[in-house]
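Following this note's numbering from start to finish, the sequence shown increments by one per residue and tops out at 178. We put the CB at the ideal spot given by N, CA and C, even for glycine.
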Amino acid sequence: MPAEEAGRDVGEAFDGAVTAAASAMVVVTVAVDGEPSGCLVGFHSQCSIAPRRYAVWLSKANRTYEMAVQADHVAVHFLTTGDAALAGRFGGSTGDVVDKFAGLAWQPGPGGVPLLDDAPHRLVLVRVGMFDPGGDHTCLVGAPIDAGTGDGFTPLRLPDVTRIEPGHDADERRHRS
């Protein structure tokens, strides 16, 4: 039964469906001129089988978005159920004010992209395109050049991070569409 027929708002029904799907959370990192940036991301997915492609949707409010527009390489770190503190570090503050990498163990990867020592389940991508549908997020698509999964993992999911206050409001943007 459609949401309207059930007497519910479509937005409310949409939010319920998306929350129930419980997206896995990732930290996306980039670097420009040796300066690292990263943010917590819940919108991401494989978007092509042949050739392999992966998409991440970055909030236009984030400093990481601004830097990703200039970066050639992107790392997608899949968080585990033990990574709540890492999720809080990258999702609960803004890189405009806080150095999210201060005191954090990481290594420069291909193209200088930051690889987080404590998040070994990751993809390293070369950016092949960006798509802006006019909303508050822009899609970055990349081709994998490296991947690590260790022994497998149980992902940290959206319901596990709902208590994190975002570093930026959803309606805040750096660039208007």
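- Annotated three-state conformation of T65 is helix, per DSSP.
- G17 and L157 have their C-alpha atoms spaced approximately 19 Å apart.
- The beta carbon of G96 sits closer than 8 Å to those of S38, G39, C40, N63, R64, T65, G168, all from its chain and outside the five residues before and after it, given in chain order.
- Around G130, the same chain offers V142 as residues with beta carbons nearer than 7 Å, after the five sequence neighbours per side are excluded.
- By the Cβ criterion, the segment 74-93 is in contact with the segment 144-163, since at least three pairs of Cβ atoms, one from each stretch, lie closer than 8 Å.
- Taken atom to atom, the span from the alpha-carbon of T20 to that of W107 is near 31 Å.
- By the neighbour-count definition (other C-beta atoms within 10 Å, threshold 16), P134 is an exposed residue.
- Note: E13 is not bridge-paired with any residue in the DSSP secondary-structure output.
- Per DSSP, A85 is one residue of the alpha helix (DSSP H) stretching across 85-92.
- When DSSP states are grouped into helix, strand and coil, A51 belongs to the coil group.
- By the CB criterion at 8 Å, V33 and L59 fall outside the cutoff.
- When secondary structure is reduced to three states using DSSP, G110 falls in the coil class, being assigned neither helix nor strand.
- Contact between V70 and H45 does not hold, since their C-beta atoms are separated by about 17 Å, which reaches or exceeds 8 Å.
- A direct Cα-Cα distance of roughly 24 Å separates C48 from L117.
- In this chain, the beta strand (DSSP E) harbouring V42 covers 36-42.
- Distance from V75 to V11 at the Cβ level is roughly 33 Å; contact not present, criterion being Cβ atoms closer than 8 Å.
- A Cβ-Cβ separation of about 7 Å places R128 in contact with A72 under the 8 Å criterion.
- Rounded to whole angstroms, L159 and L105 show a C-alpha spacing of 23 Å.
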